[in-house]
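Peer 1: Heads up: the sequence shown begins at 1 in the UniProt record's numbering, then just goes up one per residue. Where a beta carbon is used, it is the ideal one built from N, C-alpha and C, also for glycine.
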Amino acid sequence: MALQRAQRIFGGQRHLAMVQAGERGQAWPVPFDIAPVLAWRGRPVVVLASGDPFWYGVGSTLVQSLSPQEWTVFPAPSTFSWAAARLGWRLEAVECVGLHAQPLTVLRPLLRRGARLIVLLRDAAALHAAAQWLTQLGYGGSLAWALQCLGGPRERVVPFVLHQAAELPPLQSPVALALALDEGPRGLPVTPGLPDTEFVHDGQITKAPMRALTLSALAPRPGEVLWDLGAGSGSVAIEWCLAGGSAHAVERRSDRVAHIRANAERFGVVHRLTVHEGRYEALLASLPAPDAVFVGGGFDEGIFAALQASLPQGCRVVVNAVTLETVALLQRLHARRGGQLWQLSWSAAQPLGAGTAWQPSRPWVQWAWEVEG
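So, in structure tokens, the structure goes:
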């Protein structure tokens, strides 16, 4: 009925052909844009989309620009559901990801030995690129399935080993990739304090033990926003993003900005981490309201005053200090404002001559404070 009434039908070329849209059909522009749909606002329009339009589909994009009275959705099984049905997988135990508009590296936090993933891809070339990348990461011996046009007359399910993807037959879009990563690395730990060696840095990095305590004080929650001021290597912001939040890393040195971007790519959080080059004192007003703020260096009374004027009630502020001058400031702020003040140090076993001895770190002081109303 909706198709019969529609004055205009939007969709991919294959969708338009399936319903014989004729002159009423209009293919999506490249690059993708919903403006042509909105230009028909107020008239009967149909948008054809694959499966569930609210699971990596166009639905969530469209409804942001429409009122609830303007749209009706007729969902069908998603590609994820079709894939799970073909493979006999428990969908609730599978990581489902859409990569049409995101880089492959966003998969990095999900990769671990024993993981099951279903990944939506743009085309066969993207599937081959994914198989090559996963092989380079050490998962080449794992079993995978190339999934073509699930639920339709052109459906194909082709099992293969990742490092043998070049031997796959030609595939037609839409394409998905199912992964059973039973061979390969164990993946990233889910606890904070990743090894320093995992990051690109020039020595300006919050060391793993201190980073774990810093993230504990920042208390990340999915969907929350962090400001990482004087970000250095971006290690704190990256681990915040790995916990499900988004972050804005501010760093004045261009070489360290490059390190932050390289680390965001390495850990697959480029879609969650925004990098700003410049002095954070000048950039605070342009940043979205945060749920937490971390200052790893360059903290002084002026910065605290600027933060106090900028931050919303309940925002968590964590400042780490090593120099005596900044430590003295944190002691004064703790006396005036309260919060939690820690002095922290640790020692690591290091070679000494023919033996081993404890090498102490510099003591760190950490002040954690919540903005009051």
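Could you give the residue range of the alpha helix (DSSP H) that holds D255?
Peer 2: As a working note, residue 255 is residue 255 in the sequence shown. Where D255 is concerned, the enclosing alpha helix (DSSP H) stretches over 254-266.
Peer 1: Quick one: what does DSSP say E224 is sitting in, helix, strand or coil?
Peer 2: Here residue 224 refers to the residue found at position 224 when the sequence shown is read from its first residue. Correct three-state label for E224: coil.
Peer 1: Going by DSSP in three states, R316 sits in which element: helix, strand or coil?
Peer 2: As a working mapping, residue 316 is identified with position 316 in the sequence shown. In this structure, R316 counts as strand in the three-state DSSP scheme.
Peer 1: Give the DSSP bridge partners of E95, in chain order.
Peer 2: As a position in the sequence shown, residue 95 is number 95, starting the count at 1. Bridge partners of E95: L117.
Peer 1: Note the first and the last residue of the continuous alpha helix (DSSP H) segment covering H271.
Peer 2: Within the sequence shown, numbered from 1, the residue matching residue 271 stands at position 271. No alpha helix (DSSP H) contains H271, which DSSP labels as neither H nor E.
Peer 1: I need the DSSP call for S345, collapsed to helix, strand or coil.
Peer 2: Taking the sequence shown and counting its residues from 1, the one referred to as residue 345 is at position 345. Note: S345 maps to coil in three-state DSSP.
Peer 1: Hey, could you find the ends of the alpha helix (DSSP H) T61 is sitting in?
Peer 2: Your numbering for residue 61 matches position 61 in the sequence shown. Looking at the DSSP string, the run of the alpha helix (DSSP H) that includes T61 is 59-63.
Peer 1: State the beta-bridge partners of A368 as determined by DSSP.
Peer 2: Taking the sequence shown and counting its residues from 1, the one referred to as residue 368 is at position 368. A368 is bridged to V318, Q340.
Peer 1: Can you list, in chain order, the residues of its chain whose CB lies under 7 Å from that of C241, leaving out five sequence neighbours each side?
Peer 2: In the sequence shown, residue 241 corresponds to position 241, counting from 1. Result list for C241: A247, V269, R272, L273, in chain order.
Peer 1: List the endpoints of the continuous alpha helix (DSSP H) containing T79.
Peer 2: Your numbering for residue 79 matches position 79 in the sequence shown. Looking at the DSSP string, the run of the alpha helix (DSSP H) that includes T79 is 79-87.
Peer 1: If you reduce the DSSP assignment to three classes, tell me which class Q331 lands in.
Peer 2: By 1-based counting over the sequence shown, the position of residue 331 is 331. Residue state, collapsed to three classes: helix.
Peer 1: Could you spell out where the beta strand (DSSP E) holding A247 opens and where it closes?
Peer 2: For the purposes of this step, residue 247 is identified with residue 247 of the sequence shown, where counting begins at 1. 246-251 is the span of the beta strand (DSSP E), which, as asked, contains A247.
Peer 1: Determine, using beta carbons only, whether A368 and Q343 come nearer to each other than 8 Å.
Peer 2: In the sequence shown, residue 368 corresponds to position 368, counting from 1. In the sequence shown, residue 343 corresponds to position 343, counting from 1. The answer is no: Cβ separation not under 8 Å.
Peer 1: Excluding five sequence neighbours on each side, which residues of the same chain lie with their C-beta closer than 6 Å to the C-beta of R156?
Peer 2: As a position in the sequence shown, residue 156 is number 156, starting the count at 1. Hits under 6 Å: Q148.
Peer 1: I'd like to know whether the C-beta atoms of E183 and G141 end up nearer to each other than 8 Å.
Peer 2: Here the question's residue 183 lines up with position 183 in the sequence shown. Here the question's residue 141 lines up with position 141 in the sequence shown. Closer than 8 Å, so yes.
Peer 1: Buried or exposed, going by whether 16 or more other CB atoms sit within 10 Å of the CB of P192?
Peer 2: For the purposes of this step, residue 192 is taken as the residue at position 192 of the sequence shown. By the neighbour-count rule (16 or more Cβ atoms within 10 Å), P192 is buried.
Peer 1: L177 lies in the beta strand (DSSP E); which residues open and close that run?
Peer 2: Counting from one through the sequence shown, the residue named residue 177 turns up at place 177. Unbroken beta strand (DSSP E) run through L177: 175-181.
Peer 1: Measuring straight from C-alpha to C-alpha, what distance separates E23 and H201?
Peer 2: Residue 23 sits at position 23 when you count from the first residue of the sequence shown. Residue 201 sits at position 201 when you count from the first residue of the sequence shown. Cα to Cα, E23 sits roughly 57 Å from H201.
Peer 1: Inspect the beta-carbon positions of V45 and R8 and report whether they are closer than 8 Å.
Peer 2: Looking up residue 45 in the sequence shown gives position 45. Looking up residue 8 in the sequence shown gives position 8. Yes, these two residues count as a Cβ contact at 8 Å.
Peer 1: Going straight from the alpha carbon of L324 to that of A144, what length do you get?
Peer 2: Indexing the sequence shown from 1 puts residue 324 at position 324. Indexing the sequence shown from 1 puts residue 144 at position 144. Rounded to the nearest angstrom, the two C-alpha atoms are 56 Å apart.
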